[in-house]
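Single-structure report; data block below.
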Amino acid sequence: MFLTVIGALNEGFLQTLKLFAVTLVGAIPLGLIISFGSMSRFAPLRYVTKTVVWIIRGTPLMLQLIILFFVPGMIRSAGSPWPSGESGRFMAACIAFIINYACYFSEIYRGGIQGVPVGQQEAGLVLGMTKTQIFFKVTLLQMVKRIIPPMSNEIITLVKDTSIARIISFQELIWAGYAFLKGSHGYSGLLWPLFFTGVYYLLFVGILTLLFGYIERRLSYFR
């Protein structure tokens, strides 16, 4: 029984890990692009970007996932645009998570960029640097140091938020543990596999905490 449970939880954790990795790969660069839109001097772009960020940050991720997965199939005569089976659920979950976390990351980026003293940018202009050089050689390096703590908090939150994907029957870690409670794999009424999923989350978050602590120490030269 124990090996059966561990095997199922490992499969669920692999799905959780895939969703986590794809979300980060998509949300980190997209968040930076959105932050540029939020700080744009072109007013219409700035207002539209801020409105989108406000909507995404102001509504539950679970609701966004349900809307993204189910609503397109209700309004399209051809049916759901998502592939059938687990691949379609995974794709929908990735898109919803990327959009949601990109909006949160964008605000962190914006705070980090605007937190760099303007005088340093002006000094760069006096030295003959272009705006691009100032951003990459002056602003970006200091921004990274400033955003590591809030970014680490959001990324750790992402680890736990992946469990929300089970609302569209995506078979992640919590789904795998809950399956033993409702009669999957030939077992029924087993509660301990669901609680055991917490060990996976704790270990994963512990590794990430150590990693971010190491990164912060490596960036301590800005102090």
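Under my numbering, read the sequence shown as residues 1403 to 1625, first letter to last.
Note that the Cβ used here is the ideal one computed from N, Cα and C, for glycine as well.
Keep in mind that this is a model prediction, so the values were computed, not measured.
{"Query": "Closest by CA to Leu1405, which one among Leu1543, Phe1422, Phe1582 and Ile1566?", "Result": "Phe1582"}
{"Query": "Answer yes or no: do Gln1523 and Val1540 have a C-beta to C-beta separation smaller than 8 Å?", "Result": "yes"}
{"Query": "Around the C-beta of Phe1508, are 16 or more other C-beta atoms found within 10 angstroms, so that it is buried, or is it exposed?", "Result": "Per the sequence presented here, residue 1508 reads as Ser, with Phe not at that position. It counts as buried."}
{"Query": "Taking the alpha-carbon of Ser1486 as reference, which of Phe1606, Leu1605 and Ile1570 has the nearest alpha-carbon?", "Result": "Ile1570"}
{"Query": "Near Pro1551, which residues of its chain fall below 6 Å by C-beta distance, leaving aside the five closest residues on each side in sequence?", "Result": "none"}
{"Query": "Taking the Cβ atom as the reference point for each residue, do Gln1573 and Gln1417 lie within a distance shorter than 8 Å?", "Result": "yes"}
{"Query": "Any idea if Met1545 is buried or exposed, counting beta-carbon neighbours within 10 angstroms, 16 or more meaning buried?", "Result": "buried"}
{"Query": "Grab the span of the alpha helix (DSSP H) containing Thr1524 for me, first residue to last.", "Result": "Contrary to the premise, residue 1524 reads as Glu rather than Thr in this sequence. Run containing Glu1524: Val1520 to Val1528, per the alpha helix (DSSP H) assignment."}
{"Query": "With a CB to CB cut of under 7 Å and the five nearest residues on each side skipped, what residues in its chain are close to Leu1592?", "Result": "Phe1582 and Leu1583"}
{"Query": "Could you check where the alpha helix (DSSP H) with Glu1508 kicks off and where it finishes?", "Result": "Position check: residue 1508 holds Ser in this sequence, whereas Glu was assumed. Unbroken alpha helix (DSSP H) run through Ser1508: Glu1488 to Gln1516."}
{"Query": "Unbroken alpha helix (DSSP H) runs of length 4 or more, entirely within the segment 1403–1476: which are they?", "Result": "1404–1440 and 1445–1460"}
{"Query": "So, under 8 Å CB-CB, Val1561 and Val1601 are touching, yes? Tell me the CB distance rounded to an integer number of Å.", "Result": "No, Val1561 and Val1601 are not in contact; Cβ-Cβ is about 13 Å, not under 8 Å."}
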